[in-house]
Amino acid sequence: MKKIIKLQFGAFCFIFSLLFIFSCPLLASEDVTIGVLANRGKENALTSWQPLAEYLSREIPDHIFKIQPLDFQDVSDVVREAKVDFILLNSGLYVQLEYNYGLRPIATLRASHGESGISLFAGLIITRADRADRSEEH
649 MKKIIKLQFG AFCFIFSLLF IFSCPLLASE DVTIGVLANR GKENALTSWQ PLAEYLSREI
709 PDHIFKIQPL DFQDVSDVVR EAKVDFILLN SGLYVQLEYN YGLRPIATLR ASHGESGISL
769 FAGLIITRAD RADRSEEH
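See below:
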């Protein structure tokens with residue numbers, strides 16, 4: 649009788665160990681890296697965006713969100729090498745990354761001015777008057 653109990657206990661431990669070993673990847677937290685353009689410095693980017701990473705880590709189970717501040721020159725490299733899962737950047741860099749790497753938006757930020765939002769974004773291209781490859785667009 650004791651031998652049967654020991655065998656059952658041993659089998660239970662063996663099966664439990666296998667389940668534990670094969671379920672470890674399911675129990676492990678997944679790191680999610682959010683690249684943030686640090687146009688006002690890396691420390692300022694961390695100060696501004698770290699609360700978002702902490703909130704997402706609390707609210708989305710089994711994921712740890714991390715902020716990676718990026719200089720302008722770093723952005724293309726981290727996207728090309730898939731070192732970030734998400735990226736926050738300006739519209740000019742977005743257009744470049746969309747063209748070069750097929751980047752697609754999932755959300756946009758709306759800038760604020762006082763208590764109201766800004767729904768327009770403008771850009772300016774200055775060319776010489778004798779350039780024939782540019783035309784006036786309004």
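No gaps in the numbering here: position 74 of the sequence shown is 722 in this note's numbering, and each next residue is one more.
Just so it is clear, CB atoms sit at the ideal spot from N, CA and C, and this is done for glycine as well.
Only a predicted model underlies this, so the values are computations on that prediction, with no experimental measurement involved.
Would you identify the three-state DSSP class for R776, choosing helix, strand or coil?
In the sequence shown, residue 776 corresponds to position 128, counting from 1. Three-state result, R776: coil.
Between E763 and the rest of its own chain, which residues show a CB-CB distance below 7 Å, the 5 nearest in sequence each way excluded?
Here residue 763 refers to the residue found at position 115 when the sequence shown is read from its first residue. So the list is empty, once near-sequence residues are dropped.
Give the DSSP bridge partners of L718, in chain order.
Locating residue 718 in the sequence shown gives position 70, where the first residue counts as 1. Its beta-bridge partners are L685.
By how many angstroms is the C-alpha of V680 removed from the C-alpha of T775?
Within the sequence shown, residue 775 is the residue found at index 127, counting from 1. Within the sequence shown, residue 680 is the residue found at index 32, counting from 1. Taking the straight line joining both Cα atoms gives about 42 Å.
Count the other CB atoms within 10 Å of the CB of G740; is the residue buried (16 or more) or exposed (fewer)?
Here residue 740 is taken as the residue at index 92 of the sequence shown, counted from 1. Classification of G740: exposed, given that the 10 Å Cβ count is below 16.
Can you find at least 3 beta carbon pairs, one from the region 725–732 and one from the region 742–758, that sit closer than 8 Å?
Contact between the region 725–732 and the region 742–758 is present, because at least three Cβ pairs lie under 8 Å.
Give a yes or no on whether the C-beta atoms belonging to A693 and A686 are separated by under 8 Å.
On the sequence shown, residue 693 is found 45 positions in, with the first residue counted as 1. On the sequence shown, residue 686 is found 38 positions in, with the first residue counted as 1. Yes, the pair counts as a contact, with Cβ atoms nearer than the cut-off.
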